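Going by my numbering, the sequence shown opens with residue 121, and the numbers climb by one from there.
We put the beta carbon where it would ideally sit given N, CA and C, even for glycine.
Here the structure is a predicted model, which is why all the values come from computation and not from measurement.
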Amino acid sequence: MTNLASQRLPSAPSELRRLIRRGCWAGPTAGLARGYVQANLVILPADWAYDFLLFCVRNPKPCPLLEVTELGSPIPAQTAPGADLRTDLPRYRVYQDGQLIDEPTEITGWWRDDLVAFLLGCSFTFEDALAEAGIPLRHWECGCNVPMYRTALACVPAGRLHGPLVVSMRPIPARQVARAIEISARYPLAHGAPVWIGDPAGLGIADLDRPDWGDPVPINEGELPVFWACGVTPQAVALAARPPLMITHAPGHMFVTDWPVSRVERE
Numbered sequence: 121m122t123n124l125a126s127q128r129l130p131s132a133p134s135e136l137r138r139l140i141r142r143g144c145w146a147g148p149t150a151g152l153a154r155g156y157v158q159a160n161l162v163i164l165p166a167d168w169a170y171d172f173l174l175f176c177v178r179n180p181k182p183c184p185l186l187e188v189t190e191l192g193s194p195i196p197a198q199t200a201p202g203a204d205l206r207t208d209l210p211r212y213r214v215y216q217d218g219q220l221i222d223e224p225t226e227i228t229g230w231w232r233d234d235l236v237a238f239l240l241g242c243s244f245t246f247e248d249a250l251a252e253a254g255i256p257l258r259h260w261e262c263g264c265n266v267p268m269y270r271t272a273l274a275c276v277p278a279g280r281l282h283g284p285l286v287v288s289m290r291p292i293p294a295r296q297v298a299r300a301i302e303i304s305a306r307y308p309l310a311h312g313a314p315v316w317i318g319d320p321a322g323l324g325i326a327d328l329d330r331p332d333w334g335d336p337v338p339i340n341e342g343e344l345p346v347f348w349a350c351g352v353t354p355q356a357v358a359l360a361a362r363p364p365l366m367i368t369h370a371p372g373h374m375f376v377t378d379w380p381v382s383r384v385e386r387e
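Written as structure tokens, this is what we have:
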């Protein structure tokens with residue numbers, strides 16, 4: 121991996137979160153705290169929480185549920201008991217009535233007693249397994265964020281929530297695609313196997329060089345674009361369904377849990 125920043129950051133989740141809490145790291149988390157589960161974050165008012173829980177049940181590929189916090193509590197008691205979801209992610213996004221209004225590095229000032237936080241599995245979790253199998257990860261090589269795209273595929277609606285599926289893309293050598301599918305399928309709580317391989321037009325994506333979130337990466341000769349369901353999907357839902365308040369991670373800036381990857385790996 122050529123992302124030098126990751127080489128000087130602590131590998132223990134609690135130490136990395138402490139550094140993030142102090143404002144010392146505000147970048148993407150791909151390749152950090154390797155061997156530990158990373159998670160997407162969604163925070164909603166309690167009167168929207170049931171709709172979102174139902175949305176996760178109906179759309180488990182983009183929204184594999186890891187934890188739901190107690191009402192009004194920012195503490196992820198199951199996945200990282202000593203953490204604080206208000207401060208321990210590198211960057212957040214705040215949506216009001218379907219509009220992105222802020223991208224802070226902490227959300228203490230936004231926190232309310234009626235909020236519920238959801239942690240969803242993330243494909244960064246299985247990237248170590250891909251790398252150990254010799255499968256290249258272009259965003260690691262480039263030291264950038266993974267590219268993410270809004271698709272033309274609709275998620276299954278739930279209550280007031282609706283919107284398109286979002287996918288992340290990794291270029292994979294054609295000869296290694298089957299192995300990438302096999303490995304990622306072992307992690308259903310981290311989006312599991314890809315949802316599409318090859319021509320992005322099949323997903324309604326017009327231009328891979330213009331991701332909706334993250335950074336474009338080159339696709340080399342002999343490689344295929346491989347697409348996984350993505351936990352940024354709730355942010356597309358926020359734009360479509362316009363809840364009065366939704367707070368999320370900034371794309372690629374995940375919450376690092378204390379769970380080892382083996383905890384979510386299927387035999």
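query, result
"Output the boundary residues of the beta strand (DSSP E) element that contains Pro331.", "Counting along the chain, Pro331 falls outside any beta strand (DSSP E), and DSSP gives it neither H nor E."
"Provide the residue(s) that pair with Arg270 in DSSP beta bridges, ordered along the chain.", "Val286"
"Would you list the one or two residues that DSSP bridges to Tyr215?", "Leu220 and Met366"
"Going by C-alpha to C-alpha distance, which of Gly334, Ile255, Glu226 and Arg270 sits closest to Gly263?", "Gly334"
"How do the region 136 to 144 and the region 231 to 251 stand: do at least 3 beta-carbon pairs fall below 8 angstroms, yes or no?", "no"
"If you draw a straight line from the alpha carbon of Asp204 to that of Pro338, how long is it in whole angstroms?", "36 angstroms"
"Candidates Ala169, Gly218 and Val177: which alpha carbon is nearest Val276's?", "Val177"
"Are the beta-carbon atoms belonging to Pro283 and Ala356 less than 8 angstroms from one another?", "Checking the sequence, you will find Gly at residue 283 rather than Pro. A contact, by the Cβ cut-off of 8 angstroms."
"Kindly indicate which three-state DSSP category Asp248 falls into: helix, strand or coil?", "helix"
"Tell me where the alpha helix (DSSP H) around Arg298 begins and ends.", "For the sequence presented, residue 298 should be read as Ala rather than Arg. That run of the alpha helix (DSSP H) goes Val297 to Ser304."
"Cα separation between Arg306 and Val157?", "14 angstroms"
"Counting only the same chain and skipping the five closest in sequence on each side, list residues whose C-beta sits under 7 angstroms from that of Trp231.", "Pro194 and Arg206"
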